[in-house]
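For what it's worth, the numbering used here labels the leading residue of the sequence shown as 49, then goes sequentially. In what follows, a single structure is set out as structure tokens and then discussed.
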Amino acid sequence: MSTSHGSLLAVYPGSFDPLTNGHVDIILRGARLFDRIVVAMLRNLEKSPLFSLEERLEIAREVFADQPTVEVDIFEGLLVDYARRRGASVIVRGLRAVSDFEYELQMALMNRHMAPALETVFMMPGESYTYLSSRLVKEVFALGGDVSGFVPPAVVARLGALQTKG
Ligand code: PNS
Numbered sequence: 049m050s051t052s053h054g055s056l057l058a059v060y061p062g063s064f065d066p067l068t069n070g071h072v073d074i075i076l077r078g079a080r081l082f083d084r085i086v087v088a089m090l091r092n093l094e095k096s097p098l099f100s101l102e103e104r105l106e107i108a109r110e111v112f113a114d115q116p117t118v119e120v121d122i123f124e125g126l127l128v129d130y131a132r133r134r135g136a137s138v139i140v141r142g143l144r145a146v147s148d149f150e151y152e153l154q155m156a157l158m159n160r161h162m163a164p165a166l167e168t169v170f171m172m173p174g175e176s177y178t179y180l181s182s183r184l185v186k187e188v189f190a191l192g193g194d195v196s197g198f199v200p201p202a203v204v205a206r207l208g209a210l211q212t213k214g
């Protein structure tokens, strides 16, 4: 999609700890819709992430290496400030079920309050991903379950490394 004003840049923000097949699905859908999509990973102060920010960055860069219009970046501070700096006009968020809606609506309206020109666009992942979340993947993995069907091979490989370490 492009406009007469130039190319349309979207930012897809999140923690991506870890990147799931549901995220990948949304990013590929976004890449078809926008000229460029930036997967923007939040640098937050969470004490015990599964993967460090550097590992998450490396994973996503590996997964989208063959997608020239998908960029992976890190941001901190307000998302709207980052989007403004990047010249993005759209924030993409995935919506799986009604249960996501209230939090997402709050964020979208707060972001709109701070940056009225920035539109939040909600995208639905394929239906097989509606039950999938990073939080559940982390929990199932921590309890010894098999998560290989839910995350890209780049994540599976690193989970294997974590297992041998721990
Ligand atoms: O993957 P997540 O944890 O659902 O992503 C949440 C994220 C990163 C999109 C949100 O926490 C965020 O935008 N944080 C940056 C700080 C910010 O702008 N906060 C105000 C949001 S209204």
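For every residue, glycine included, the Cβ atom is placed at its ideal position computed from N, Cα and C.
Residue nearest to residue i in terms of C-alpha spacing, selected from the options
| i | options | result |
| --- | --- | --- |
| Phe-170 | Asn-69, Arg-91, Gly-54 and Leu-81 | Leu-81 |
| Arg-206 | Lys-95, Met-158, Glu-102 and Ile-85 | Glu-102 |
| Leu-105 | Tyr-179, Arg-133, Leu-184 and Val-86 | Val-86 |
| Arg-141 | Gly-78, Asp-65, Leu-67 and Pro-66 | Gly-78 |
| Val-111 | Ser-147, Val-72, Leu-90 and Val-146 | Val-72 |
| Lys-213 | Leu-98, Gly-62 and Ser-55 | Leu-98 |
| Val-120 | Gly-62, Arg-144, Leu-180 and Glu-187 | Gly-62 |
| Leu-76 | Ile-107, Glu-94, Met-89 and Asp-114 | Asp-114 |
| Lys-186 | Gln-211, Gly-135 and Arg-109 | Gln-211 |
| Arg-134 | Gly-192, Arg-183, Leu-191 and Ala-88 | Ala-88 |
For residue i, three-class secondary structure by DSSP
| i | result |
| --- | --- |
| Thr-168 | strand |
| Leu-98 | coil |
| Val-118 | strand |
| Gly-192 | coil |
| Phe-64 | coil |
| Phe-149 | helix |
| Val-111 | helix |
| Ser-55 | strand |
| Gly-70 | helix |
| Arg-80 | helix |
| Arg-183 | helix |
7 Å Cβ cutoff met for residue i and residue j
| i | j | result |
| --- | --- | --- |
| Asn-159 | Val-128 | yes |
| Val-59 | Ile-122 | no |
| Thr-178 | Ala-145 | yes |
| Ile-107 | Val-203 | yes |
Same chain, Cβ closer than 8 Å to residue i, neighbours up to 5 away in sequence not counted
| i | result |
| --- | --- |
| Ala-163 | Val-128, Ala-131 and Arg-132 |
| Leu-143 | Phe-149, Glu-152, Phe-170, Met-171 and Met-172 |
Other residues of its chain near residue i: CB distance less than 6 Å, five sequence neighbours each side excluded
| i | result |
| --- | --- |
| Gln-154 | none |
| Leu-180 | Thr-68, Gly-70 and Phe-198 |
| Val-195 | Val-185, Val-188 and Phe-189 |
| Glu-167 | Val-138 |
**Prompt:** On the three-pair Cβ rule with 8 Å, is the region 114-130 touching the region 168-185?
**Reply:** no
**Prompt:** Is there contact between the region 193-205 and the region 64-75, where contact requires at least three CB pairs shorter than 8 Å?
**Reply:** Touching, yes.
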